[in-house]
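Asker: In my numbering, the protein residues as written are 1047 to 1788.
Okay, here's the structure, questions in a sec.
Below, the structure written as structure tokens:
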């Protein structure tokens, strides 16, 4: 039976077919059979000592026996994640005899361990075994090794021995070694003896002025050219075409097309795609997408046949999505240029929404084209909305009645002036309005914006301050208006950052948090939110005394939460002293039970929220997105990025955050009208669910908490329930909740 068949039978546990191995006369027929028998017995959990003794007799020593078993293990357990098996036997061999060069070399070929390589070479050299030494050196690549200088010098001395064959591999090692030791003048004489070398080595010779740039490039393999040319794709394309024409290129047509595309040589992409090379017809959908994208960039007719092929294919990669995004951009631009008056801002249009949705795709976000596509859509949005506001202004001008009798109509006209950068008209219009009408927060704010855009920050500051005076009188705090004032103060003079400035900075942060209310940021169709928690004294105290604890940044479970953003902190309007208390909309999350309740030994509390938050508190759902997208948008939605955005990996949490400015604790109770206590949150506990591993010794304690809380409720209020989580018998890996008597 051939070895491949034997190995397959061993790996698949078909030992009965191999029982003939137990016959002594069979074992001598193949030098590998003893090793196969050893591993067959090992896999059957049978004793192997007898077989190991026989191998020792055949091989002559225990270290050679382990080396032999290591070689057999490499044949039987050949997957990458199985290499540790053969590696273990080779390490056993050198533990018995650390002069076993073959075992050291086997460890090196398994793990690319630098020390193992060096030990093997040194042993062969010391023992004068140049037959093995030359064989090893003829098949090794060590350009990426990070030896110390004295080791490289040892290799130079060893490999220059006249008994060492000067193979290309040896020349390559010496060429590298001379580079690593700074002996470029000696190493350059080996240049013609190597067919290729690593980029770092070649650049070292260039830096030493012993090698020209063009000569060095001739020794760079196709796959390393991008690194050598510092990812200058236009230069890379030029070199690859030169190599193709000389017959010295190994890359295929698809790689050339990709390079041309990255070099923005779109005409070359189309030309090469349509050329008849000595290759199979391109069926690579990704390459077809490069071809289609090039046509889109050049504004030429799209090859509908190729486009239909890509759409029908199973390929769903980032480039296909990039093609779809670009086609949506084209539709938007056509409407913008050819479509006449725009009736709505761009965000209303389904085409824009479809493009935004595609730009949420994780593969596309990770692609190098993403940033350009993202900013292109932003540019289209800006251009579209500019035309929309211009059309709106033109429409108002053409309105013969010129009706500004209502406040909303007047504000609409002012915003049209602002959107079209007609700042003088805006200022004049508001000043005239104030002569016959009572000024408001809105009009003073618009006046301030007009002066700000004109560069008159002193008058802007005065206008904003007038808006704030009305705001203070009416107790109507708008963070946008306050932010405009703070910004104008900073532009006028840093010396103006006095007590008034810091008073309004605090008001700004409070108003910012207050803007996150149920009606704006969280639908209360289902008023319940859930909190998973371990059974600890701190949480039980908050449950008994009916308050929420809001931890600082350092106490959160995700180190990426509340990141250090440059525009947040003492020197900026947005403070960093925000705190959060987390809830979930998901009451049956196996992961949440595992991660937050001490392996299902804790509890989950259901809270019912009503409308009503104290000043300085807000609530909002968390948005989940990808790291690359967060990076692109880091300066766009600063507060959201800081407090209300998490990486996509956390999406299963369905998190809702209670946010506070500076406060670490807030009490809650169900509001009772007509005199609700608005210093508290309008909420109450509906029920407590025990984890499936909840310690029964603590059950009576939880029941007592519920009984005490229920005593304080009036007859019309629902009593707090108690449930216990169990693993479903019908649906494995899901939870069921059983109600318990209290």
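Ideal Cβ placement from N, Cα and C applies to all residues, glycine included.
What do you reckon, is the C-beta of residue 1269 under 7 Å from a heavy atom of the ligand SAM?
Answerer: Here there are no bound small molecules, and the ligand SAM is not part of this structure.
Asker: Tell me which same chain residues have a C-beta within less than 7 Å of the C-beta of residue 1017, skipping the five on either side of it?
Answerer: As shown, the chain starts at 1047 and ends at 1788. That puts residue 1017 outside it, with no answer to give.
Asker: Leaving out the 5 sequence neighbours to the left and right, which residues in its chain are closer than 6 Å to residue 1612 when beta-carbon positions are compared?
Answerer: As a first step, residue 1612 must be located in the chain shown, where it is residue number 566. Note that residue 1612 scores a pLDDT of 43, beneath 50, so its modelled location is shaky and nothing firm can be said.
Asker: Name the DSSP bridge partner or partners of residue 1469?
Answerer: On the chain shown, residue 1469 is found 423 positions in, with the first residue counted as 1. Under DSSP, residue 1469 takes part in no beta bridge, so it has no partner.
Asker: Can you tell me which residues form a DSSP beta bridge with residue 1693?
Answerer: Walking along the chain shown from the start, residue 1693 turns up at place 647. According to DSSP, which records beta bridges pairwise, residue 1693 is partnered with 1671.
Asker: So, are the CB atoms of residue 1244 and residue 1190 less than 8 Å apart?
Answerer: Locating residue 1244 in the chain shown gives position 198, counting from the first residue. Locating residue 1190 in the chain shown gives position 144, counting from the first residue. Judged by beta-carbon spacing, residue 1190 lies within the 8 Å limit of residue 1244, meaning their Cβ atoms are closer than that value.
Asker: Expressed to the nearest angstrom, what Euclidean distance is found between the alpha-carbon atoms of residue 1170 and residue 1292?
Answerer: Mapped onto the chain shown, residue 1170 falls at position 124. Mapped onto the chain shown, residue 1292 falls at position 246. For residue 1170 and residue 1292, the distance between alpha carbons rounds to 42 Å.
Asker: In angstroms, rounded to a whole number, what distance separates the CA positions of residue 1747 and residue 1642?
Answerer: By one-based count along the chain shown, residue 1747 stands at place 701. By one-based count along the chain shown, residue 1642 stands at place 596. About 21 Å.
Asker: Work out the CA separation of residue 1494 and residue 1471 for me, nearest whole Å.
Answerer: Numbered from 1 along the chain shown, position 425 holds the residue referred to as residue 1471. Numbered from 1 along the chain shown, position 448 holds the residue referred to as residue 1494. Computed Cα separation, rounded: 13 Å.
Asker: First and last residue of the beta strand (DSSP E) that includes residue 1724?
Answerer: For this step, residue 1724 is matched to residue 678 along the chain shown. That residue, residue 1724, is in no beta strand (DSSP E); it is neither H nor E in DSSP.
Asker: So residue 1036 and residue 1263 are in contact, right, with Cβ under 8 Å, and what is the actual spacing, rounded?
Answerer: Since the first and last residues shown for the chain are 1047 and 1788, residue 1036 lies out of range.
Asker: Tell me where the beta strand (DSSP E) around residue 1575 begins and ends.
Answerer: Within the chain shown, residue 1575 is the residue found at index 529, counting from 1. Start and end: 1574-1579.
Asker: Using DSSP with H/G/I as helix, E/B as strand and the rest coil, what is residue 1523?
Answerer: As a position in the chain shown, residue 1523 is number 477, starting the count at 1. In the structure shown, residue 1523 sits in coil (DSSP, three-state: anything other than H, G, I, E or B).
Asker: By alpha-carbon positions, which one of 1063, 1668, 1209 ends up nearest to residue 1695?
Answerer: Here residue 1695 refers to the residue found at position 649 when the chain shown is read from its first residue. Considering only alpha carbons, the answer is 1668.
Asker: If you follow the alpha helix (DSSP H) that residue 1284 is part of, which residue opens it and which one closes it?
Answerer: Stepping through the chain shown from its first residue, residue 1284 is reached at position 238. 1279-1291 is the extent of the alpha helix (DSSP H) around residue 1284.
Asker: Would you check if the distance between the CB atom of residue 1078 and the CB atom of residue 1049 is smaller than 8 Å?
Answerer: The residue you call residue 1078 lines up with position 32 of the chain shown. The residue you call residue 1049 lines up with position 3 of the chain shown. Taking 8 Å as the Cβ cut-off, residue 1078 and residue 1049 qualify as a contacting pair.
Asker: So, are the CB atoms of residue 1336 and residue 1365 less than 8 Å apart?
Answerer: For this step, residue 1336 is matched to residue 290 along the chain shown. For this step, residue 1365 is matched to residue 319 along the chain shown. In this structure, residue 1365 lies closer than 8 Å to residue 1336 by Cβ.
Asker: What is the rounded straight-line gap between the Cα of residue 1681 and the Cα of residue 1428?
Answerer: What you label residue 1681 is simply residue 635 of the chain shown in a count that begins at 1. What you label residue 1428 is simply residue 382 of the chain shown in a count that begins at 1. Because residue 1681 sits at a pLDDT of 45, beneath the cut-off of 50, its placement in the model cannot be relied upon, and the following sentence gives the value as read from the coordinates. Using only the alpha carbons, I get a separation of about 17 Å.
Asker: What separation, rounded to the nearest whole angstrom, lies between the Cα atoms of residue 1475 and residue 1591?
Answerer: Residue numbering aside, residue 1475 sits at position 429 when the chain shown is read from its first letter. Residue numbering aside, residue 1591 sits at position 545 when the chain shown is read from its first letter. So the two alpha carbons sit approximately 56 Å from each other.
Asker: Could you pull out every unbroken beta strand (DSSP E) segment of at least 3 residues lying fully inside the stretch 1710-1778, listed in chain order?
Answerer: DSSP runs (the beta strand (DSSP E)) wholly in the stretch 1710-1778: 1711-1715, 1727-1736, 1767-1773.
Asker: Using 8 Å as the threshold, is the C-beta distance between residue 1240 and residue 1224 below it?
Answerer: Mapped onto the chain shown, residue 1240 falls at position 194. Mapped onto the chain shown, residue 1224 falls at position 178. Result no, Cβ atoms of residue 1240 and residue 1224 do not sit closer than 8 Å.
Asker: Quick check: what's the CA-CA separation for residue 1208 versus residue 1137?
Answerer: Indexing the chain shown from 1 puts residue 1208 at position 162. Indexing the chain shown from 1 puts residue 1137 at position 91. So the alpha carbons of these two residues sit roughly 32 Å apart.
Asker: Tell me the DSSP secondary structure of residue 1188 in three-state form.
Answerer: Here the question's residue 1188 lines up with position 142 in the chain shown. DSSP places residue 1188 in coil when its eight states are reduced to three.
Asker: Looking only at its own chain, which residues have a Cβ that is under 7 Å from the Cβ of residue 1305, when we skip the five neighbours before and after it?
Answerer: The residue you call residue 1305 lines up with position 259 of the chain shown. Around residue 1305: 1279, 1282, 1283, 1286.
Asker: Have a look at 1156, 1206, 1216 and flag the residue whose alpha-carbon is nearest the alpha-carbon of residue 1182.
Answerer: Locating residue 1182 in the chain shown gives position 136, where the first residue counts as 1. Comparing Cα positions, the closest option is 1216.
Asker: With a cut-off of 8 Å, do at least 3 Cβ pairs link the stretch 1541-1557 to the stretch 1625-1645?
Answerer: no
Asker: Do you know offhand how far residue 1172's Cα is from residue 1076's?
Answerer: Sequence index remark: in the chain shown, residue 1172 carries index 126 (1-based). Sequence index remark: in the chain shown, residue 1076 carries index 30 (1-based). About 33 Å.
Asker: So which of 1118, 1157, 1115 has the shortest CA-CA distance to residue 1126?
Answerer: Taking the chain shown and counting its residues from 1, one reaches residue 1126 at position 80. Here the closest residue by C-alpha is 1157.
Asker: In three-state terms, what does DSSP make of residue 1653?
Answerer: In the chain shown, the residue the question calls residue 1653 occupies position 607. Correct three-state label for residue 1653: strand.
Asker: Among residues of its own chain, excluding the 5 on either side of residue 1525, which ones have a beta-carbon nearer than 7 Å to its beta-carbon?
Answerer: Within the chain shown, residue 1525 is the residue found at index 479, counting from 1. If we look at residue 1525 and ignore the five residues flanking it on each side, its Cβ neighbours are 1554, 1557, 1558, 1561.
Asker: Within 10 angstroms of its Cβ, does residue 1196 collect 16 or more other Cβ (buried), or is it exposed?
Answerer: Along the chain shown, read from residue 1 onward, the residue named residue 1196 stands at position 150. With fewer than 16 other Cβ atoms within 10 Å, it is exposed.
Asker: Determine the contact status of residue 1234 and residue 1259, defining contact as a CB-CB distance below 8 Å.
Answerer: Walking along the chain shown from the start, residue 1234 turns up at place 188. Walking along the chain shown from the start, residue 1259 turns up at place 213. The answer is no: Cβ separation not under 8 Å.
Asker: Nearest to residue 1506 by CA position, among 1342, 1166, 1636, 1529, is which residue?
Answerer: Stepping through the chain shown from its first residue, residue 1506 is reached at position 460. For residue 1506, the closest C-alpha among the options 1342, 1166, 1636, 1529 is that of 1529.
Asker: Answer with buried or exposed for residue 1340, where buried requires no fewer than 16 other C-beta atoms within 10 angstroms of its C-beta.
Answerer: The count along the chain shown starts at 1 and reaches residue 1340 at position 294. Under this definition residue 1340 is a buried residue.
Asker: With distances taken Cα to Cα, identify the nearest neighbour of residue 1162 among 1193, 1457, 1633, 1199.
Answerer: Here residue 1162 refers to the residue found at position 116 when the chain shown is read from its first residue. Checked all of 1193, 1457, 1633, 1199; the closest Cα to residue 1162 is 1193.
Asker: Hey, residue 1433 and residue 1382: beta-carbon distance below 8 Å or not?
Answerer: Taking the first residue of the chain shown as position 1, residue 1433 is located at position 387. Taking the first residue of the chain shown as position 1, residue 1382 is located at position 336. Yes; because the gap between Cβ atoms is below 8 Å, this pair is in contact.
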